[in-house]
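Below is one structure; the comments refer to it alone.
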Amino acid sequence: MTKTNSGNFFEDFSLGQKIIHATPRTITEGDVALYIALTGSRFAVQSADTFAMDIGYPAAPVDDMLVFHMVFGKTVPDISLNAVANLGYADCRFLTSVFPGDTLSATSEVIGLRQLSNGKAGVVYVRSSGANQTGETVLEFVRWVMVAKRDEAVPAPEPHVPDLPDHVSPDQLAQDLPPIDSAAYNLELAGAPHRWGDFESGEKIDHVDGMTIEEAEHQIATRLYQNTAKVHFNAHAQADSRFGKRLIYGGHVISLARALSFNGLANAFHISAVNGGSHVAPCFAGDTVYAWSEVLERIEFPAREDIGALRIRTVALKNRTADGFPYKSDGGDYEDGVMLDFDYWAIVPR
Amino acid sequence: MTKTNSGNFFEDFSLGQKIIHATPRTITEGDVALYIALTGSRFAVQSADTFAMDIGYPAAPVDDMLVFHMVFGKTVPDISLNAVANLGYADCRFLTSVFPGDTLSATSEVIGLRQLSNGKAGVVYVRSSGANQTGETVLEFVRWVMVAKRDEAVPAPEPHVPDLPDHVSPDQLAQDLPPIDSAAYNLELAGAPHRWGDFESGEKIDHVDGMTIEEAEHQIATRLYQNTAKVHFNAHAQADSRFGKRLIYGGHVISLARALSFNGLANAFHISAVNGGSHVAPCFAGDTVYAWSEVLERIEFPAREDIGALRIRTVALKNRTADGFPYKSDGGDYEDGVMLDFDYWAIVPR
Amino acid sequence: MTKTNSGNFFEDFSLGQKIIHATPRTITEGDVALYIALTGSRFAVQSADTFAMDIGYPAAPVDDMLVFHMVFGKTVPDISLNAVANLGYADCRFLTSVFPGDTLSATSEVIGLRQLSNGKAGVVYVRSSGANQTGETVLEFVRWVMVAKRDEAVPAPEPHVPDLPDHVSPDQLAQDLPPIDSAAYNLELAGAPHRWGDFESGEKIDHVDGMTIEEAEHQIATRLYQNTAKVHFNAHAQADSRFGKRLIYGGHVISLARALSFNGLANAFHISAVNGGSHVAPCFAGDTVYAWSEVLERIEFPAREDIGALRIRTVALKNRTADGFPYKSDGGDYEDGVMLDFDYWAIVPR
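Protein chains in written order, with this note's numbering: chain A, 1 to 350; chain B, 1001 to 1350; chain C, 2001 to 2350.
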């Protein structure tokens, strides 16, 4: 009997199955420093204890995307080691702030299964969640992946495709946020003068700066998250793959786009939910990431006068600037160079 | 109205103008670990709490150059985003020791302006300072940069060139230092037997070792400091630049030279002031840094028998060893391969 | 008199000589985060405070190999700066758990000397040990290196080759381990269902995954350990060397092999001793590391029902998979692609 985990294949999943993922992880100041060093993130709330405490946090919270990557990473050995493709995610909600010293663990539930008509693979839908050491859920998200079958002869399961929200409903946002002392939110220290009311639906922002990714950088980032997906780390095996080289973890591209978005969205200090995200094109070492964003919607919370939310689409590009806001052609296809289409809710002080 | 910060141009600066820079930063043990990992620094005071506490510190202080880079990084988006060139710095004094957990923020004052005769750019002189969370100034320095004009038609300001000291006066040194228990300063643990009295003016030291820089390394270092200067990160845009590739942040070269200088200056445990520094030639990934130092001056402090100061010139070279102490030709020009001419005051136990 | 340390040559060592190594080091959460980021290690005990505390530790201990590298790094400037070759190590025992905040320092004693018959170099045997801030020994190990002579005319010392154990005796294992609450050791969180009793002598495990190493990665790792061996960092000087390029610190290969071994040995949560290790072939940037292990022996401790030990050989390969468990040819030579032959005792819960 082999002791090696070769990952789950499509027929290993069953509807309603619950999976406890391995390797809980204590998030430390070391992780936070590395996250800044690898992405260049500059959001003041996550960068400075003083700034965070001034507005109502007990300390600087851990960057939302770092939390996401840590939980996502844990799910990889069980969910997507044999994934043919990561198809999408939805309904990602950040529910409890995470601080250095917290220990995160991850679980998933299989909420959908659909075998492909060719019988070689199937789509697995899981709802994954991360909890801290006291058992509080820190975030939840759904993702679906195409997973190969080990044995094509195994009969297909009853197909079940879960009902997923097009976007997270505003009444589910900001649950993890303490009351924010909006007057104490120092715009100069934060890096931009624009409060929630200064943004408008339909507004587009070119984040201007570009960031080139090196092999060492994405590997260090992805290992930091203890994400074991083989395609990111093994040049020897990837030489025989479709692209002939290592692929960069899509989450690293999200983090870079988010960090670049500081230039224009400095006060969008918290990602409260991710409505969806598509990795439109692969990213490789040597590529330069640019990004632009569009404000899709602006909503206020009936019970809160301290903050509002913006629904934002951030588009990451490779090897072309955001000039002209490249997105989709008239035919609806993504333009060349578009890598990421990321739809999320950000919190902004009023 | 754009929400993107495109940086200040020459005509945006006015004499006496005060600028609060964005993104305060809590310095953590994560930053310290990364600094060691990126530079190889081995000074015992900054490496071990026990060593630091034995001689009088409450804990291991954060490396002086790490403090400098953190504060410098904050000034970049406001001061030098449109810089044509970083021309120099002067009068840099470290005034309060920084420890993990401290939060640093940065401000600058414009102390000089001089438009070039061609009307296309001007020189901006700023005095920048970093403060900790209790408002104490941790360091101050002056730098001057050549900044492009947005609109050449804007009239030139009254020229004002500040009076800058050739070097920091000895009576301004070591203000941040607790009394050092010189007897408890363990030379074996520190790595060299030479106390202050063992150095002489005019003495030259070949630091012997060389360190090759990778793209990922300087990018990770420079992002750690939240320094956003485009030339360090964007291979796509730099392809059309004068050098055709990314330039390494000059501060990273300073840090490598300082780390290399451990071999010969292991007991020069604290940089108390920087008198000046010139980045004589650009540094690129793949270059190997070597360094040598000359003791320019040795001074004692009337009121302190625990420590003395050495004024040191450290010269960093690329792709050639320090054999023969390459510096300037007879004509006064820097020799080929000289990258950095760095003049500073170091504190050494007596 | 030069102030530069040019390292010890063979004639500088004498039998019984004791050396205090420079630069004590406080191990922090930053070092731990970097270690995970550089190796991808996923052992739950070292990753999560909660997991470690559940089974009896006061907090997550620092990874054993990180402790080893930190102590080893300190010995390099005195022992192996002029080493022609690192010949081997033996009798490495981990004696006290290390936690973030501990400060490690290193000493060595020369326990053997043997000049080569050609008179140009000699073999130096040292027993090195690391201690924490309270003076407890955290680990001890013997290594032997071939060191050049400065002056061939110096007479050879009386040869003395120490008696070294073929392997660490089981009664010397697990001295640093608290009683482990084996029932609280959660196999799902740990990542594998196999307890000590599930392993058998002679069992071989293919760890499947591969990891490609970049120059920036091994340099960052090796500098983190403040290891100054020139061959790892100086591409300019290495251009004229036998291999024409930088060599990767053998310890980095050990750490990668250990991290890869999680896939199959997830519950071998602690390296208690290293019996020996040979770096069979050099590793360079761009190489992809694979690994497999064989269980050599399974022993139980008379006084402990919580844990048992496995003696394990882990073999690291470059640019070939572990399929077929490549090791030695019939002639007894290592097969092509074998880089590391590493023999150690691991602790596994019962």
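The beta carbon of each residue, even a glycine, is placed where N, CA and C say it ideally should be.
(message) Beta-carbon within less than 7 Å of residue 1190 of chain B's beta-carbon, same chain only, minus the 5 sequence neighbours each way: which residues are those?
(response) 1044, 1266 and 1267
(message) Between the alpha carbons of residue 2204 of chain C and residue 102 of chain A, how many angstroms are there, rounded?
(response) 37 Å
(request) Please confirm whether residue 278 of chain A and residue 341 of chain A have their CB atoms less than 8 Å apart. (result) yes
(request) Starting from the beta carbon of residue 2047 of chain C, find every residue of chain A whose beta carbon is closer than 8 Å, and list them in chain order. (result) 23, 24, 25, 26 and 226
(request) Would you mind reading off the limits of the alpha helix (DSSP H) that contains residue 1189 of chain B? (result) 1187-1190
(message) Can you find the residues in the same chain that come closer than 6 Å, C-beta to C-beta, to residue 1334 of chain B, ignoring five residues on each side of it along the sequence?
(response) Contacts found: 1280 and 1328.
(request) Determine the direct distance from the alpha carbon of residue 2041 of chain C to that of residue 226 of chain A, and round the result to whole angstroms. (result) 7 Å
(request) Check whether the Cβ of residue 2020 of chain C lies closer than 8 Å to any Cβ atom in chain F. (result) Absent from the structure: chain F. Protein chains present are A, B and C.
(message) Distance cutoff 8 Å, beta carbons only. Does residue 1242 of chain B sit that close to anything in chain A?
(response) Output row for residue 1242 of chain B: interface = no.
(message) For a contact defined as C-beta to C-beta under 9 Å, what are the partners of residue 2211 of chain C on chain A?
(response) 219, 223, 233 and 234
(request) Thinking residue 235 of chain A and residue 2288 of chain C are a contact (beta carbons under 8 Å), I'd like their distance in whole angstroms, please. (result) 6 Å
(request) Look up residue 1278 of chain B in the DSSP assignment and say whether it is helix, strand or coil. (result) strand
(request) Give the secondary structure of residue 1152 of chain B by DSSP, where H, G and I count as helix, E and B as strand, and everything else as coil. (result) coil
(request) Starting from the beta carbon of residue 214 of chain A, find every residue of chain B whose beta carbon is closer than 8 Å, and list them in chain order. (result) 1214, 1215, 1216 and 1219
(message) In whole angstroms, give me the CA-to-CA distance for residue 1067 of chain B and residue 78 of chain A.
(response) 43 Å
(request) Take the Cβ of residue 2105 of chain C as the centre, count every other Cβ of all protein chains shown within 10 Å, and call the residue buried at 16 or more, exposed below. (result) buried
(request) Could you tell me whether the stretch 2295-2304 of chain C touches the stretch 2164-2180 of chain C, using the rule of 3 or more Cβ pairs below 8 Å? (result) yes
(request) Enumerate in chain order the residues of its own chain whose CB-to-CB distance from residue 2097 of chain C is below 6 Å, with the five nearest sequence positions on each side excluded. (result) 2061 and 2176
(message) With three or more C-beta pairs closer than 8 Å as the rule, is the stretch 1248-1264 of chain B touching the stretch 1112-1119 of chain B?
(response) no
(request) Give a yes or no on contact between the stretch 1141-1158 of chain B and the stretch 1072-1087 of chain B, applying the rule of three or more CB pairs nearer than 8 Å. (result) yes
(message) So residue 2042 of chain C contacts chain A; which residues on that side make the cut at Cβ distance below 8 Å?
(response) 22, 23, 226 and 228
(message) Rounded to whole angstroms, what is the Cα-Cα separation between residue 1195 of chain B and residue 1139 of chain B?
(response) 26 Å
(request) Look at the alpha carbon of residue 1028 of chain B and the alpha carbon of residue 1100 of chain B, and state the distance between them as a whole number of angstroms. (result) About 4 Å.
(message) What does the Cβ neighbour count give for residue 1242 of chain B, buried or exposed, with the cut at 16 atoms within 10 Å?
(response) exposed
(message) Below 8 Å, how does it come out for the stretch 1010-1021 of chain B and the stretch 1146-1166 of chain B: are there three or more Cβ pairs, yes or no?
(response) yes
(message) Against chain A, does residue 2346 of chain C count as a neighbour if the rule is that its beta carbon must be under 8 Å from one of theirs?
(response) no
(message) Using only CA atoms, which one of B:1336, B:1213 and B:1126 lies nearest to residue 1072 of chain B?
(response) B:1126
(request) Check each candidate in C:2295, C:2247, C:2230 and C:2169 and name the one with the smallest Cα separation from residue 2201 of chain C. (result) C:2295
(request) Note down the Cα distance separating residue 199 of chain A from residue 2218 of chain C, rounded to an integer number of angstroms. (result) 45 Å
(request) Mind reading off the beta-carbon distance from residue 1347 of chain B to residue 1269 of chain B? Whole number of angstroms is fine, and I expect it under 8 Å. (result) 7 Å
(request) Step through the CB atoms of chain B and report whether any lies within less than 8 Å of the CB of residue 69 of chain A. (result) no
(request) Note down the Cα distance separating residue 2030 of chain C from residue 1008 of chain B, rounded to an integer number of angstroms. (result) 36 Å
(request) Using a Cβ cut-off of 8 Å (strictly closer), state whether residue 166 of chain A contacts chain C. (result) no
(message) Between C:2283, C:2257 and C:2311, which has its C-alpha nearest residue 2353 of chain C's C-alpha?
(response) Outside the modelled stretch of chain C, which goes from 2001 to 2350, sits residue 2353 of chain C, for which no answer is possible.
(message) So for residue 2206 of chain C, helix, strand or coil by DSSP?
(response) strand
(request) Provide the residue span of the alpha helix (DSSP H) that contains residue 2263 of chain C, from first to last. (result) 2262-2265
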